[in-house]
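Engineer:
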Amino acid sequence: MSARGLLLMGQCMPCIKQNASKIRIRRMELDKNLNMYFKKDEFYFAHDPQKVCKTGDVVLIRELPERLTRLITHAVEKVVYPLGDITDPITGKKVVVGKYREDIEMANQLFGKSEKAFDYDKAPPRGRLEGTKDFTHGETYIKYHEDGKDQPFGV
Amino acid sequence: MNKLLNIAQAGPRQFVREYAFKSDLKIKWVRPEKISCIKPEKSGDLSKLPPLNADETLPEFRGCKELEGASETVKSMFKLANNPNYLTTHFYRDEMVKEVQRHAQDFGSMEAKLAKMTATIRRYQEHMDVHPRDKIIKVRLKELIDKRKKFLKYLRRWDYPRFEWILEKLDLVYKPPPAHFHWITRKESLQKLTDTYCNQLKEDRMDAYHDELKAQQIPFIEEAIKKMELVRKEQIACEVPVTVTVKQINDAKKELEQLLKLRDEADKAAIRQKNDESYN
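Residue numbers (the UniProt record's numbering), protein chains in the order written: chain A, 1 to 155; chain B, 1 to 280.
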């Protein structure tokens with residue numbers, strides 16, 4: 001390893017480690033017996049002190065010249081696609097599923113936009129509900145013990 | 001369990017049975033009580049529907065001039081509370097959709113659908129509290145909750161800002177499903193609890209050892225400075241090559257100063273905490 005500085009693209013997974021993100025690299029592996037491809041996941045820990053990438057983001061990671069700790073072997077290079085905030089690479093416009101945000105907005109204006117409706121300009125950046133209403137930043141588990149304390153990630 | 005075996009074998013070696021080993025640690029396991037999937041704490045509804053206004057008329061007859069001049073009996077016939085239950089459900093549903101819809105004609109967007117479902121779910125939950133044996137509504141409610149969860153999952157993937165906004169607006173909690181399903185068993189739970197207990201024990205001991213070493217730091221440096229000064233003085237007096245420089249001694253003194261400062265700050269913080277506790 002080391003000197004190659006290999007770039008990999010993967011998806012960020014929930015991770016409790018401080019200043020590191022867990023990245024899943026998904027490849028297809030050929031099963032010669034069945035002559036079929038199957039998904040194969042590899043997990044890497046990427047150095048990310050500012051926590052740039054959030055759960056679900058598609059990120060580029062680069063191999064470090066030498067490993068930082070026993071686990072951390074990569075560093076986060078760039079967030080390519082933030083989850084649920086996709087920009088079309090050709091036109092540079094924001095997209096929601098199959099439509100541009102602009103088009104949706106225009107339709108709303110034509111129908112007479114409601115005042116209570118959601119507005120992208122007023123929306124704060126992602127992460128304000130973490131730990132109160134949105135628990136996707138950590139891994140949930142099936143609750144196995146009742147210790148009187150609050151277990152937010154227990155389902 | 002192997003960890004415990006190792007601990008047991010660390011002392012004077014004795015016969016330890018390797019099968020059916022029963023831990024003598026005082027760990028008590030409490031099985032979590034099963035919460036029905038239709039309950040609000042499981043479905044993620046943080047708030048309930050607002051109570052129905054007793055004078056609420058049917059939405060179609062709101063502001064009707066003939067009703068204003070009508071007798072009390074006629075008026076009561078047009079009250080929402082005196083009409084079929086489903087009309088109240090529709091009333092709540094429309095109110096909730098109005099809060100989030102994009103424009104007045106919007107009933108099919110994701111947020112409108114979620115609002116519709118949420119109103120119905122909360123209405124059904126109220127119904128289930130009163131009629132716990134109504135199986136038909138129970139099934140419908142469960143299916144609706146699952147569907148809403150699925151829709152929230154999609155919305156999160158498609159449009160994160162809108163997802164967060166809708167969670168806030170409808171007062172919902174979204175928890176992703178756990179990665180693996182398994183039944184809760186005594187054995188597995190006790191294994192997990194023992195693991196956490198062992199880790200905690202390790203951490204505590206490390207902390208205690210750390211504190212012990214820290215307490216030795218100041219006396220050690222004080223003595224080192226004294227010895228260095230003595231050695232330097234002797235070396236100068238005996239006219240042998242001087243190995244202890246003034247810089248070394250000064251560095252040690254600086255370090256001592258810093259340590260003393262840190263200790264004072266820690267002491268002050270401890271006293272402040274004690275005072276706060278006594279006030280409370």
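From the three backbone atoms N, C-alpha and C, an ideal C-beta is built for every residue, glycine too.
For residue 57 (chain A), is the classification buried or exposed, using 16 other Cβ atoms within 10 angstroms of its Cβ as the cut-off for buried?
Structural biologist: Taking the first residue of the first sequence as 1, we reach residue 57 (chain A) at position 57. Answer is buried; the Cβ neighbour count reaches 16.
Engineer: Return the Cβ separation of residue 253 (chain B) and residue 225 (chain B) in integer angstroms, given the expectation that the two are a contact with Cβ distance under 8 Å.
Structural biologist: What you label residue 253 (chain B) is simply residue 253 of the second sequence in a count that begins at 1. What you label residue 225 (chain B) is simply residue 225 of the second sequence in a count that begins at 1. With 8 Å as the limit, residue 253 (chain B) and residue 225 (chain B) qualify as a contact, their Cβ atoms being about 6 Å apart.
Engineer: Got a sec? Which residues, its chain only, sit under 7 Å from residue 48 (chain B) by beta carbon, not counting five neighbours each side?
Structural biologist: For the purposes of this step, residue 48 (chain B) is taken as the residue at position 48 of the second sequence. 122.
Engineer: Should the segment 132-139 of chain B be called in touch with the segment 142-150 of chain A, which here means at least 3 C-beta pairs below 8 Å?
Structural biologist: Short answer: they don't touch.
Engineer: Throw me the rounded Cβ distance for the residue 74 (chain A) and residue 64 (chain A) pair, which I believe falls under 8 Å.
Structural biologist: Along the first sequence, read from residue 1 onward, the residue named residue 74 (chain A) stands at position 74. Along the first sequence, read from residue 1 onward, the residue named residue 64 (chain A) stands at position 64. At roughly 6 Å, the Cβ-Cβ gap stays under 8 Å, so residue 74 (chain A) and residue 64 (chain A) are in contact.
Engineer: Within the 8 Å Cβ cut-off, does residue 144 (chain A) reach chain B?
Structural biologist: Stepping through the first sequence from its first residue, residue 144 (chain A) is reached at position 144. Judged by the 8 Å Cβ criterion, residue 144 (chain A) is in contact with chain B.
Engineer: Closer than 8 Å, CB to CB, is residue 195 (chain B) near chain D or not?
Structural biologist: Of the protein chains in the structure, A and B, none is chain D.
Engineer: DSSP on residue 75 (chain B), reduced to helix/strand/coil?
Structural biologist: Locating residue 75 (chain B) in the second sequence gives position 75, counting from the first residue. Residue 75 (chain B) falls in the helix class under three-state DSSP.
Engineer: Just the C-alpha distance for residue 66 (chain A) and residue 276 (chain B), rounded to the nearest angstrom, thanks.
Structural biologist: Sequence index remark: in the first sequence, residue 66 (chain A) carries index 66 (1-based). Sequence index remark: in the second sequence, residue 276 (chain B) carries index 276 (1-based). So the alpha carbons of these two residues sit roughly 48 Å apart.
Engineer: Tell me whether residue 102 (chain B) is buried or exposed, calling it buried when 16 or more other Cβ atoms sit within 10 Å of its Cβ.
Structural biologist: Residue numbering aside, residue 102 (chain B) sits at position 102 when the second sequence is read from its first letter. Flag for residue 102 (chain B) reads buried.
Engineer: Among the candidates B:132, B:211, B:246 and B:110, whose CA atom is the shortest distance from the CA of residue 227 (chain B)?
Structural biologist: Working through the second sequence from its first residue, we reach residue 227 (chain B) at position 227. Closest by alpha carbon: B:246.
Engineer: My guess is that residue 170 (chain B) and residue 115 (chain B) are in contact by the Cβ rule of under 8 Å, so how many angstroms apart are they, rounded?
Structural biologist: As a first step, residue 170 (chain B) must be located in the second sequence, where it is residue number 170. As a first step, residue 115 (chain B) must be located in the second sequence, where it is residue number 115. Between residue 115 (chain B) and residue 170 (chain B) the Cβ distance is about 6 Å, and since that is below 8 Å, they are a contact.
Engineer: Only counting the same chain, and skipping five residues up and downstream in sequence, which positions put a Cβ closer than 8 Å to that of residue 43 (chain A)?
Structural biologist: Here residue 43 (chain A) corresponds to residue number 43 of the first sequence, with the count starting at 1. Cβ neighbours of residue 43 (chain A) beyond the five flanking positions: 13, 22, 23, 24 and 25.
Engineer: So what does DSSP say about residue 41 (chain A), is it helix, strand or coil?
Structural biologist: Translated into positions along the first sequence, residue 41 (chain A) becomes position 41. Strand, per DSSP.
Engineer: Apart from the five residues on each side of it in sequence, which residues of its chain come closer than 7 Å, Cβ to Cβ, to residue 15 (chain A)?
Structural biologist: Looking up residue 15 (chain A) in the first sequence gives position 15. Within the same chain, residue 15 (chain A) has close Cβ partners 21 and 22.
Engineer: Identify the residues that DSSP records as bridge partners of residue 21 (chain A): which are they?
Structural biologist: Locating residue 21 (chain A) in the first sequence gives position 21, counting from the first residue. Looking at the DSSP assignment, residue 21 (chain A) forms a beta bridge with A:46.
Engineer: Who does residue 10 (chain A) pair with in a DSSP beta bridge?
Structural biologist: What you label residue 10 (chain A) is simply residue 10 of the first sequence in a count that begins at 1. Note: residue 10 (chain A) sits in a beta bridge opposite A:59.
Engineer: Look up residue 139 (chain B) in the DSSP assignment and say whether it is helix, strand or coil.
Structural biologist: Indexing the second sequence from 1 puts residue 139 (chain B) at position 139. Of the three classes helix, strand and coil, the one that applies to residue 139 (chain B) here is helix, per DSSP.
Engineer: Looking at the strands, I want to know which residues DSSP matches up with residue 130 (chain A).
Structural biologist: Taking the first sequence and counting its residues from 1, one reaches residue 130 (chain A) at position 130. Answer is A:134, bridged to residue 130 (chain A).
Engineer: List the residues of chain B whose Cβ lies closer than 7 Å to the Cβ of residue 114 (chain A), in chain order.
Structural biologist: Translated into the one-based positions of the first sequence, residue 114 (chain A) becomes position 114. Simply 101, 102, 103 and 104.
Engineer: So, are the CB atoms of residue 153 (chain A) and residue 165 (chain B) less than 8 Å apart?
Structural biologist: Within the first sequence, numbered from 1, the residue matching residue 153 (chain A) stands at position 153. Within the second sequence, numbered from 1, the residue matching residue 165 (chain B) stands at position 165. Their beta carbons are not under 8 Å apart, which means residue 153 (chain A) does not touch residue 165 (chain B) by this criterion.
Engineer: At least one CB of chain B closer than 8 Å to the CB of residue 22 (chain A): is that the case?
Structural biologist: Sequence index remark: in the first sequence, residue 22 (chain A) carries index 22 (1-based). It does not; no Cβ of chain B falls within 8 Å.
Engineer: Let me see if you follow: with CB-CB separation under 8 Å, is residue 38 (chain B) close to chain A or not?
Structural biologist: On the second sequence, position 38 is the one that residue 38 (chain B) refers to. False, the Cβ-Cβ gap to chain A never drops below 8 Å.
Engineer: With respect to the alpha helix (DSSP H) encompassing residue 265 (chain B), which residues constitute its N-terminal and C-terminal limits?
Structural biologist: Walking along the second sequence from the start, residue 265 (chain B) turns up at place 265. Unbroken alpha helix (DSSP H) run through residue 265 (chain B): 246-279.
Engineer: Which same chain residues end up closer than 6 Å to residue 119 (chain B) when comparing Cβ atoms and leaving out the 5 residues on each side of it in sequence?
Structural biologist: Counting from one through the second sequence, the residue named residue 119 (chain B) turns up at place 119. Result list for residue 119 (chain B): 92, 93 and 96, in chain order.
Engineer: Relative to the alpha-carbon of residue 120 (chain A), which residue among B:117, B:89, B:163 and B:147 has its alpha-carbon at the smallest distance?
Structural biologist: Position 120 of the first sequence holds residue 120 (chain A). Checking every option, the nearest Cα to that of residue 120 (chain A) belongs to B:163.
Engineer: Name the two residues that bound the continuous alpha helix (DSSP H) containing residue 127 (chain B).
Structural biologist: Numbered from its first residue, the second sequence carries residue 127 (chain B) at position 127. Residue 127 (chain B) -> alpha helix (DSSP H) spans 110-130.
Engineer: Starting from the Cα of residue 68 (chain A), find the closest Cα among A:79, A:114, A:19 and A:102 and give me that residue.
Structural biologist: Indexing the first sequence from 1 puts residue 68 (chain A) at position 68. The candidate whose alpha carbon is nearest that of residue 68 (chain A) is A:19.
Engineer: Please list the residues of the segment 78-93 of chain A that have a C-beta atom closer than 7 Å to any C-beta atom in chain B, keeping them in chain order.
Structural biologist: The segment 78-93 of chain A vs chain B, Cβ under 7 Å: 83, 84 and 85.
Engineer: Measure from the C-beta of residue 179 (chain B) to each C-beta in chain A and report whether the shortest distance is under 8 Å.
Structural biologist: What you label residue 179 (chain B) is simply residue 179 of the second sequence in a count that begins at 1. Output row for residue 179 (chain B): interface = yes.
Engineer: Using three-state DSSP, classify residue 32 (chain A) as helix, strand or coil.
Structural biologist: Indexing the first sequence from 1 puts residue 32 (chain A) at position 32. It is coil, neither helix nor strand.
Engineer: Excluding the 5 residues preceding and the 5 following residue 106 (chain B) in the sequence, name in chain order all residues of the same chain whose CB lies nearer than 6 Å to its CB.
Structural biologist: The residue labelled residue 106 (chain B) in the question sits at position 106 within the second sequence. Closer than 6 Å at the Cβ level, and outside the excluded window around residue 106 (chain B), lie 112.
Engineer: Could you give the DSSP three-state label for residue 39 (chain B): helix, strand or coil?
Structural biologist: One-based indexing of the second sequence puts residue 39 (chain B) at position 39. Three-state DSSP puts residue 39 (chain B) in coil, outside helix and strand.
Engineer: Starting from the beta carbon of residue 159 (chain B), find every residue of chain A whose beta carbon is closer than 7 Å, and list them in chain order.
Structural biologist: Along the second sequence, one-based indexing puts residue 159 (chain B) at 159. Per Cβ cutoff of 7 Å: 84 and 96.
Engineer: If you run the structure through DSSP and keep just helix, strand and coil, what is residue 210 (chain B)?
Structural biologist: To locate residue 210 (chain B), count along the second sequence from 1; it is residue 210. If DSSP states are grouped into helix, strand and coil, residue 210 (chain B) belongs with the helices.
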